[in-house]
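So the structure is just underneath, and the comments pick up after that.
In mature numbering (1 follows the signal peptide of the UniProt record, and there is no 0), the protein residues as written are -19 to -1, 1 to 797.
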């Protein structure tokens, strides 16, 4: 899986049911603190979310082996770990991991098998060793089975353990609660989704365009986000009217329906609309109609006066230490980030969503369907939920982040599965995304990893990118429509759709314009691209299921896009499909070549296990190099696993650099490998050696699209080291010298690190670039009402930024 694209792939992007078995009590656990780099100061957003691409699927090669991750966990009982320490204090004995399995009220208890419980516990503990952490609570649910556990401390100073009962701020997961409330009222006829929000919230003045409830639910209303640090830093309780007044006079940032702009203020408007339509306060409505029916017994608005003794104390990472969070009163963001709950409450909400307890199946299907801008771009956000495919799973999710907390809720409607994570450490979105993926692999894919493909031929890389995306979208939408509440796009010309997909994969066209081909492939799932990948991919999945059974579809999520194409073509032989629905001869030839090359490159020890899960990954390195020699052109991509090993060696710089170098050695065409090695070199004060790796990353087919000015700025959000952030910006301006936002960000970094001369130079370059951009825009005026094309300024990203130099919504954006 590509490391950059998060696809609570989100990211991340069904497996056999597990038999019930007696519970096994997990061993005591609490993570240890590790060194971590400083958080950057120049970017105000807590966590950005670019649309995560579906991970390319690894080639087919099924195995009946027991997953190594589960087998190892079953064989070796977890050992206690040292608990994290409060600043300047030595920790007491670590608390027990408070693992338990909780049934629905009145339901019979159901548990995951002991080996699965131990595997889940072990992977959480392993991840928590990688950095400073205080407390973490985790919940996993599949059907009637549940597993929950708490790790570390909810209060470091008092040595109070984090448990499944620990209450955390939910931050932006609140948006999902608000959306359900709105849709309940719409179902009851008390609220019109297409009404102008002004008619429901008179305190919000009429704007230059009408803004509907429906648009606000999908962040398409143009309502601004926080436009300065002070705008989001409220320290006193406010009423609903006072919360609305904080932004009521600001104009809309764009015409509603034309642009995705993630905003907490927009959900404050929806919270106020709930009060108007229901006649109850927002708090009363949620407690009566959402929290109560969903058995969320500890959920409430996060008002300081109502907190109980189980509330987690919040922390932020400063250097390698944890410091108390700065105080924030969240009544100012009540409808978009103002609640608190436990992970058990989150699983209760997930169960109610999956069972359609809170709204009808039809309504939930509409909420889980991505919205679309006026010009046909999907937003990967429905009504109160992020929603997108990941490794063939249909993901419905929301993340949250604000002072005192980071949270994540992931639902898989077709698999009746949910993951809930909450920590009392800020800015931990990356950790929670990573954990959610590993948990999903364990529960749904029996621990088997999903890997992309590595190709030395750039044309092959683009073709396989397309196959991976088609497979992921097709499998996900097929499952969502047949086993969940979703629907498929209407089909009018299937043969024509297959012909157009073959044209997208045409090798000659890709060779002529690789960037253009990649852009077309990246848009082939959207309405502007006729939803080709969804239509063709879902048809392929249905055809394979008809001939080979539903169980066969589960293999491709971890074993490959090429395998799905090969099985589909075989199924077509059985069903005598029309020739027009079998792709072009060139595509069929590529499929056969990819399958054969993948099989030659397989490493048996890694077929059902991730590299970092092995007891001694060093022993497998020779086999990986031999596999690369056997199949130099087509082979599995182990970049993510090699970089994970490098991350785990943070305290051993020599070991860390060795794994980073191995990643680029094994996968010299990998954007992520080169970027990671660049960061490692910058951390070691070897910036001059790092710059060429950034350029190598940019020159890959993926990098040419991803490493735009906005893409670089998004990467800074996960970069805690000011030194590394400055190095990345210095590299970025060599690639994008006419991007003023990059020069502005670099000037801030140079100034913060004490280099006034370099900062002055960057300011001058920003001025020059701004003048150049203004001149270009003057020469090419946009049509009235048109949406700015990709690459125009200011660039919009999924986190809601209208300009990378302007602080954006400090609530974490929705994708995992």
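Note that CB positions come from ideal geometry on N, CA and C, so glycine has one too.
None of the values given here were measured: they were computed from a predicted structure.
Own chain, CB closer than 8 Å to residue 582, minus 5 neighbours either side, in chain order: Counting from 1 along the chain shown, the entry for residue 582 is found at position 601. The answer, listed in chain order, is 608, 609, 611, 612, 615, 616, 617.
Compute the distance between the beta-carbons of residue 323 and residue 145, then report whether it is under 8 Å. Translated into positions along the chain shown, residue 323 becomes position 342. Translated into positions along the chain shown, residue 145 becomes position 164. Taking 8 Å as the Cβ cut-off, residue 323 and residue 145 qualify as a contacting pair.
Please list the terminal residues of the continuous alpha helix (DSSP H) segment that includes residue 720. The sequence position of residue 720 within the chain shown is 739, counting from 1. First-last for residue 720: undefined, no H or E at that position.
Excluding five sequence neighbours on each side, which residues of the same chain lie with their C-beta closer than 6 Å to the C-beta of residue 677? As a position in the chain shown, residue 677 is number 696, starting the count at 1. Closer than 6 Å at the Cβ level, and outside the excluded window around residue 677, lie 655.
Among 546, 393, 567, nearest to residue 488 - alpha-carbon criterion: Your numbering for residue 488 matches position 507 in the chain shown. Cα-wise, what sits closest to residue 488 is 567.
At which residue ranges does the stretch 640 to 687 contain complete alpha helix (DSSP H) runs of 4 or more residues, listed in the order of the chain? Counting only runs of 4 or more residues that sit fully inside the stretch 640 to 687, the alpha helix (DSSP H) segments are 652 to 664, 668 to 679, 682 to 687, in chain order.
Under DSSP, the beta strand (DSSP E) around residue 436 begins and ends at which residues? By 1-based counting over the chain shown, the position of residue 436 is 455. Its beta strand (DSSP E) spans residues 434 to 436.
When you compare each of 190, 685, 230, 402 to residue 128 by their alpha carbons, which one comes out closest? Taking the chain shown and counting its residues from 1, one reaches residue 128 at position 147. Cα-wise, what sits closest to residue 128 is 402.
Which class does residue 487 belong to by DSSP, given the choice of helix, strand or coil? By one-based count along the chain shown, residue 487 stands at place 506. Of the three classes helix, strand and coil, the one that applies to residue 487 here is coil, per DSSP.
Do residue 122 and residue 437 have their C-beta atoms within less than 8 Å of each other? Translated into positions along the chain shown, residue 122 becomes position 141. Translated into positions along the chain shown, residue 437 becomes position 456. No.
Below 8 Å between beta carbons: does that hold for residue 295 and residue 407? Locating residue 295 in the chain shown gives position 314, counting from the first residue. Locating residue 407 in the chain shown gives position 426, counting from the first residue. Going by C-beta atoms, residue 295 is nearer than 8 Å to residue 407.
Coil, strand or helix - residue 136 by DSSP: Within the chain shown, numbered from 1, the residue matching residue 136 stands at position 155. Residue 136 falls in the strand class under three-state DSSP.
Measuring CB to CB, does residue 360 end up less than 8 Å from residue 274? One-based indexing of the chain shown puts residue 360 at position 379. One-based indexing of the chain shown puts residue 274 at position 293. Cβ distance not < 8 Å, so residue 360 and residue 274 don't count as in contact.
Please confirm if the stretch 548 to 556 is in contact with the stretch 512 to 528, defined as three or more CB-CB distances below 8 Å between the two stretches. The stretch 548 to 556, when compared against the stretch 512 to 528, does touch it at the 8 Å Cβ threshold.
Please report the distance separating the alpha-carbon of residue 172 from that of residue 164. Here the question's residue 172 lines up with position 191 in the chain shown. Here the question's residue 164 lines up with position 183 in the chain shown. Here the alpha carbon of residue 172 sits roughly 8 Å from the alpha carbon of residue 164.
When you compare each of 159, 199, 685, 732 to residue 364 by their alpha carbons, which one comes out closest? Here residue 364 corresponds to residue number 383 of the chain shown, with the count starting at 1. Closest option to residue 364, Cα to Cα, is 199.
I need the DSSP call for residue 121, collapsed to helix, strand or coil. Working through the chain shown from its first residue, we reach residue 121 at position 140. Of the three classes helix, strand and coil, the one that applies to residue 121 here is strand, per DSSP.
Report back the beta-carbon spacing between residue 724 and residue 747 to the nearest angstrom; my notes put them in contact at under 8 Å. Here residue 724 corresponds to residue number 743 of the chain shown, with the count starting at 1. Here residue 747 corresponds to residue number 766 of the chain shown, with the count starting at 1. 4 Å between Cβ atoms; contact.
Proximal residues to residue 228 (C-beta, below 6 Å), its chain only, five neighbours per side dropped: One-based indexing of the chain shown puts residue 228 at position 247. Hits under 6 Å: 246.
Per DSSP, what kind of secondary structure is residue 822 in: helix, strand or coil? Nothing about residue 822 can be reported from this structure: the residues present for the chain run from -19 to 797 only.
Extent of the continuous beta strand (DSSP E) run through residue 378: Start at 1 with the first residue of the chain shown, and residue 378 comes out as number 397. Under the DSSP assignment, residue 378 falls in the beta strand (DSSP E) whose first and last residues are 374 to 383.
What are the boundary residues of the alpha helix (DSSP H) that includes residue 341? Sequence index remark: in the chain shown, residue 341 carries index 360 (1-based). Where residue 341 is concerned, there is no enclosing alpha helix (DSSP H), given that its DSSP letter is neither H nor E.
Give the secondary structure of residue 616 by DSSP, where H, G and I count as helix, E and B as strand, and everything else as coil. Taking the chain shown and counting its residues from 1, one reaches residue 616 at position 635. In the displayed model, residue 616 falls within a strand according to three-state DSSP.
Rounded C-alpha distance that separates residue 579 from residue 302: Residue mapping note: residue 579 aligns to position 598 of the chain shown, counting from 1. Residue mapping note: residue 302 aligns to position 321 of the chain shown, counting from 1. For residue 579 and residue 302, the distance between alpha carbons rounds to 44 Å.
Given 8 Å as the limit, is there contact between the stretch 223 to 242 and the stretch 340 to 357, that is, 3 or more CB pairs closer than that? Yes: at least three Cβ pairs fall under 8 Å.
For residue 158, which of 420, 269, 752 has the nearest alpha-carbon? To locate residue 158, count along the chain shown from 1; it is residue 177. Nearest of 420, 269, 752 to residue 158, Cα basis: 269.
For residue 225, report the span of its alpha helix (DSSP H) as first-last. To locate residue 225, count along the chain shown from 1; it is residue 244. Element bounds for residue 225: 221 to 226.
Quick check on residue 649: buried or exposed, where buried means 16 or more other Cβ atoms within 10 Å of its Cβ? Within the chain shown, the letter at position 668 stands for residue 649. Exposed.
Quick one, are the C-beta atoms of residue 544 and residue 576 less than 8 Å apart? Counting from 1 along the chain shown, the entry for residue 544 is found at position 563. Counting from 1 along the chain shown, the entry for residue 576 is found at position 595. It is a contact, given that the beta carbons lie within the stated cut-off.
From residue 188 to residue 414, what does the alpha carbon distance come to, in whole angstroms? Locating residue 188 in the chain shown gives position 207, where the first residue counts as 1. Locating residue 414 in the chain shown gives position 433, where the first residue counts as 1. Near 37 Å, if we compare the C-alpha coordinates of residue 414 and residue 188.
Helix, strand or coil for residue 466? Go by DSSP, reduced to three states. Here residue 466 is taken as the residue at index 485 of the chain shown, counted from 1. In this structure, residue 466 counts as coil in the three-state DSSP scheme.
If you draw a straight line from the C-alpha of residue 98 to the C-alpha of residue 700, how long is it? By 1-based counting over the chain shown, the position of residue 98 is 117. By 1-based counting over the chain shown, the position of residue 700 is 719. Taking C-alpha positions only, residue 98 is separated from residue 700 by approximately 33 Å.
By Cβ distance below 6 Å, which residues in the same chain neighbour residue 684 in space, the five residues on each side in sequence not counted? Within the chain shown, numbered from 1, the residue matching residue 684 stands at position 703. Same-chain partners within the cutoff: 652, 678.
Among the candidates 561, 665, 565, 569, whose CA atom is the shortest distance from the CA of residue 548? The residue given as residue 548 occupies position 567 in the chain shown. Of 561, 665, 565, 569, the residue nearest in Cα terms is 569.
Which listed residue (384, 335, 255) has its alpha carbon closest to that of residue 316: As a first step, residue 316 is located in the chain shown; it is residue number 335 there, counting from the start. Of the listed residues, the one whose Cα sits closest to residue 316 is 255.
Local conformation of residue 497 per DSSP, three classes: As a first step, residue 497 must be located in the chain shown, where it is residue number 516. Three-state DSSP puts residue 497 in a helix.
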